[in-house]
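Novice: The structure follows.
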Amino acid sequence: MIGAEILIIVILLITVTIYKKNWVPVYPYFYSRKKLLKIGHRGVPSLAHENTLDSFQKAIDTGMDGVELDVQFSADKKLVVYHNWAIKNNSGEKILIQNLPYSDIQKISLNGNEQNEIPLFTDVLDILNKKIIINIEIKSAHILNTKIEKNVLDLIKAYGFENNCILSSFNPFIIRRVKKINPKILTAFLWSKNSPQFIINTPLWVWICRPDGFHADIDYLDKNLINWIRKKNMSIMTFTITKQKQLIKAQLLGVDGVFMDDPHLN
263 MIGAEILIIV ILLITVTIYK KNWVPVYPYF YSRKKLLKIG HRGVPSLAHE NTLDSFQKAI
323 DTGMDGVELD VQFSADKKLV VYHNWAIKNN SGEKILIQNL PYSDIQKISL NGNEQNEIPL
383 FTDVLDILNK KIIINIEIKS AHILNTKIEK NVLDLIKAYG FENNCILSSF NPFIIRRVKK
443 INPKILTAFL WSKNSPQFII NTPLWVWICR PDGFHADIDY LDKNLINWIR KKNMSIMTFT
503 ITKQKQLIKA QLLGVDGVFM DDPHLN
């Protein structure tokens, strides 16, 4: 394990040396420098079950500036909007989303409510409009070899959302591949000390993925990290705001926006 950590550090140092002069993050034109943007975290979980069509519709109806959602592949390569890697079926058995065809996923009711169906990415895009910001977190169990980025980008283009969306991920290689496929798409690196995905959990992964924005866990965001991010000319968002004191902290730190569960939190 120590050898692997040393290897990762060496790779990061080499990448910093090669790319630091060429990386120019783009500040989203649809961000407001005058007010704090409020993005519905998986819709508005305080009013409806997260990552459902009802939740996203309520985010629109309550005047949120945008919505955040999670996408991952089903077994038959459908883009499913669901946060966790695994889900309990109606028999209580826990199964990975990537191992289930969407026809089986559709049969699973959330919180015992048959109306709370797990939607496809296209289902969500159908109800959204180009006036709101769409933050799409791409999730994949495969770190280095995945085709999910192209599938997501193809749908974004088909629906005409290229100019009002941000693609984010905890996986720096996903962000890197997104930029390689479409350099004009805005991206953001997600970071939290609680993220277990990589051997070394560090903000320095930005030198690998070279994102436009940095989205950090509010519990681990401080002035020093803010200053470091700003020096890289990246935009800053923070997650997940569930309490007023967290919202006040975000405002005092001067972030561009927040991902929040309750649209009425002020």
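Those letters in the sequence shown? Residues 263 to 528, per our numbering, in order.
Backbone N, C-alpha and C fix where the C-beta goes; we use that ideal spot for every residue, glycine too.
1) Please name the residue in Ile396, Ser402, Thr384, Leu390 whose C-alpha comes closest to that of Asp416.
2) Can you tell me which residues form a DSSP beta bridge with Asp479?
3) Can you tell me whether Asn378 is buried or exposed? The criterion is at least 16 other CB atoms within 10 Å of its CB, across all chains shown.
4) Looking at the unbroken beta strand (DSSP E) that takes in Lys300, where does it start and where does it end?
5) Output the distance between the C-alpha atoms of Leu527 and His477, rounded to the nearest integer angstrom.
6) Between Ser454, Ile462, Lys320, which has its C-alpha nearest Asp481's C-alpha?
7) Straight-line CA distance for Asp524 to Leu309?
8) Can you name, in chain order, every residue of its own chain whose Cβ lies under 7 Å from the Cβ of Ile357, other than the five neighbours on each side?
9) Alpha carbon to alpha carbon, how far is Pro473 from Ile400?
10) Closer than 8 Å is the cut-off here; do at least three beta carbon pairs connect the region 507-518 with the region 293-306?
11) Specify, as a first and last residue, the run of the beta strand (DSSP E) that Ile398 falls within.
12) Tell me, to the nearest whole angstrom, how far the beta carbon of Ile389 is from that of Asn426; I am working on the premise that it is less than 8 Å.
Specialist: Taking the structure as given:
1) Thr384
2) Phe501
3) buried
4) 299-303
5) 20 Å
6) Ser454
7) 8 Å
8) Ala348, Ile349, Asn351
9) 14 Å
10) yes
11) 395-400
12) Their Cβ separation, rounded to whole angstroms, is 15 Å, which puts Ile389 and Asn426 out of contact at 8 Å.
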